[in-house]
C-alpha cells in the first residue's frame, strides 16, 4: 500500500509528523512555511479516515497509526528519523517509539497526550465521546483547549474542517483508543531525547501535567512552555513554534536535564 503524504524540505534530518484528533496532514496552518527545508525533511501523514486517506478503512487505533507511520518511513527509505506529534499524535508517536526504538533520533510532543490512559469524569466522557456526532461538542472542546481565547471564525473553521475531512467513524474510534490505551510499560525509561511543548493557555494539557508524565517516563525529557498560545501553537504562534522545535531537533548533544 502506497501511503500519500506531504513533504516539506529536502534536508538530511528526516522527521515524521503526526497530526491531532481534529487535524490532517494539511491542517497545520502557516507553521510548515517557517520550517527549515535545507536542514530537515518533514513527512506529514494522514491517518486512516482523515484527509487524503478519508476513504481508507481501518481499526482507528494508535497501533494502526504507528504501523502506517513506519510503513511510510520505509516507503521513503528512512532508516531513522525524529518524531513530532500534536495532541493525539503526541501519543501516537510514543506508539511508534515503542514499536521501533532503534530508529528514533528525537521525539517532540506538541501539547501531547501522555502515554497512559487519559482519565475523564462523566461530563468529560460525554463531551469527548459525543463529539463525533455533535458539532457543538467539537466547538466546545476547541474553545476549551485554546483557553477560550480564540475567535468564533477560527473555531468555526476548525470544526467545519474536521467534519469535512474526517469520517465520524474514524473520529469516534480514535478518541476511544487515545483515551484508554496504556503505553507506559513499553516506553518508560527510554533514553531518547524528548521535548514537550505546551501552550501557556492550554486548559487541559498543561506544563504540570507534562512534568507528572513525560518527565517521569523519559530520563532525557524536558518541558518548554510556549507564551501566548493554547493547544494549537501551529495556528496561534507558528513562527515561535517552528523556531523552538528546530532548536531541539537540530543536530547536537542530547538534552539530559529535566525541567525544574
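In our numbering, the protein residues as written are 234 to 493. Heads up, the beta-carbon is just placed ideally off N, CA and C, and yes, glycines get one too. For clarity, every value in this text was computed on a predicted model and none was experimentally measured.
According to DSSP, residues forming a beta bridge with residue i
i           : result
residue 239 : 277
residue 246 : 273
residue 438 : Per DSSP, none; premise fails for residue 438.
residue 319 : 343
residue 251 : 278, 318
residue 456 : 429
Distance, residue j Cα to residue i Cα
i           : j           : result
residue 435 : residue 253 : 15 Å
residue 227 : residue 422 : No statement about residue 227 is possible, as the shown extent of the chain runs from 234 to 493 and does not include it.
residue 453 : residue 432 : 21 Å
residue 272 : residue 243 : 7 Å
residue 449 : residue 428 : 13 Å
residue 339 : residue 295 : 19 Å
residue 315 : residue 373 : 33 Å
residue 512 : residue 275 : Outside the shown range of the chain, which is 234 to 493, sits residue 512, and nothing can be said about it.
residue 446 : residue 471 : 25 Å
residue 355 : residue 245 : 47 Å
residue 389 : residue 463 : 17 Å
residue 235 : residue 437 : 36 Å
residue 380 : residue 475 : 21 Å
residue 247 : residue 386 : 35 Å
CB contact below 9 Å: residue i versus chain C
i           : result
residue 374 : In summary, chain C is missing from the structure at hand, where a single protein chain is found.
Per-residue DSSP class, three states only, for residue i
i           : result
residue 407 : helix
residue 386 : helix
residue 465 : coil
residue 432 : strand
residue 349 : coil
residue 313 : coil
residue 283 : strand
residue 427 : strand
residue 337 : strand
residue 482 : helix
residue 399 : strand
residue 493 : Residue placement at residue 493 is poorly supported in this model, since its pLDDT is 39, which falls under 50; the coordinates are not used for a value here.
residue 381 : coil
residue 372 : helix
residue 258 : coil
Neighbourhood of residue i by C-beta, 8 Å cutoff - its chain only, sequence neighbours within 5 removed
i           : result
residue 363 : 370
residue 411 : 254, 295, 321, 324, 325, 346, 351
residue 404 : 254, 282, 364, 365, 395
residue 231 : Residue 231 falls outside the range modelled here, since the chain spans only 234 to 493, and no answer is possible.
residue 289 : 281, 282
Contact belief for residue i with residue j at Cβ below 8 Å, rounded distance in angstroms
i           : j           : result
residue 353 : residue 375 : Incorrect: roughly 17 Å between the Cβ atoms, too far for contact.
residue 257 : residue 284 : 3 Å
residue 318 : residue 251 : 4 Å
residue 430 : residue 402 : Contact flag wrong, Cβ pair sits at about 31 Å.
residue 278 : residue 259 : About 11 Å separates the two Cβ atoms, so there is no contact after all.
residue 313 : residue 286 : Not confirmed; about 24 Å, so no contact.
Residues near residue i in its chain [Cβ-Cβ closer than 6 Å; skip 5 each side]
i           : result
residue 473 : none
residue 361 : 408
residue 261 : 467
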